[in-house]
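*Asks:* Per the numbering used here, the sequence shown starts with residue 1182, numbered consecutively. We put the CB at the ideal spot given by N, CA and C, even for glycine. Just dropping this structure here.
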Amino acid sequence: MTAGEWLKIALVGRSVKRTLIRLCVVAVTAFVVFRFVFPPVVTRGVSMEPTFADGRLHFVNTLSFRNRSPRPGDIVVVALAGRRAMYLKRVLAGPGERMELRDGVLLVDGEVREEPYLVDPGDWTLPEMELGADEYFVAGDNRTMPMEEHKAGVVVGADIVGGLLF
1182 MTAGEWLKIA LVGRSVKRTL IRLCVVAVTA FVVFRFVFPP VVTRGVSMEP
1232 TFADGRLHFV NTLSFRNRSP RPGDIVVVAL AGRRAMYLKR VLAGPGERME
1282 LRDGVLLVDG EVREEPYLVD PGDWTLPEME LGADEYFVAG DNRTMPMEEH
1332 KAGVVVGADI VGGLLF
């Protein structure tokens, strides 16, 4: 066999038709996986700093909460306005919990909940609220920003797309 024939076999295979079918299968599989199972999301803004820097690419695991609910401390991707706007946030409190923020200190059911991931807890203050059966309170890790600039607050479980894969 000549070098040209080896090159053709290496690049295309013995059958062009079979190679095209394989390429189509790989392309469709990649599309489905990265569109529905592990969609990419890019961090925009500084609300999750220093945990995640602006402009970093991440992948969402849409299957992560199939067998369990999000827990406080989990990093989740929340879809607001459909799936057009997706935000990286951290779950601070879950269904049925009473939570409040008092000068940057998170209190859940009247007790201080440690947040070791915070560099500076800031000075956010929110009155006590009780979350409903399918409600979660989410916020970014950068609490030095004014709360008005965050997409923080109560979301329902259906708005949580999944957990962060990496």
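1. How far does the alpha helix (DSSP H) with VAL1259 in it extend, from its first residue to its last?
2. Between which two residues does the alpha helix (DSSP H) holding LYS1198 run?
3. So PRO1253 and LEU1273 are supposed to be a Cβ contact under 8 Å. How far apart are they, rounded?
4. Would the region 1287-1298 and the region 1327-1340 be scored as touching if the rule is three or more Cβ pairs under 8 Å?
5. Assign ALA1314 to one of three DSSP states: helix, strand, or coil.
6. Flag this pair as yes or no: are the beta carbons of VAL1259 and VAL1319 separated by less than 7 Å?
7. Would ALA1262 count as contacting chain D if we go by Cβ distances under 7 Å?
8. The beta strand (DSSP E) with MET1280 in it runs from where to where?
*Replies:* On the basis of the supplied data:
1. Not the alpha helix (DSSP H): VAL1259 falls in the beta strand (DSSP E), residues 1256-1261.
2. 1197-1213
3. 6 Å
4. no
5. ALA1314: coil per DSSP, three-state reduction.
6. Inclusion of VAL1259 and VAL1319 in the CB contact set at 7 Å is warranted, their separation being smaller than that value.
7. Although the question refers to chain D, the structure presented lacks it and comprises just one protein chain.
8. 1279-1283
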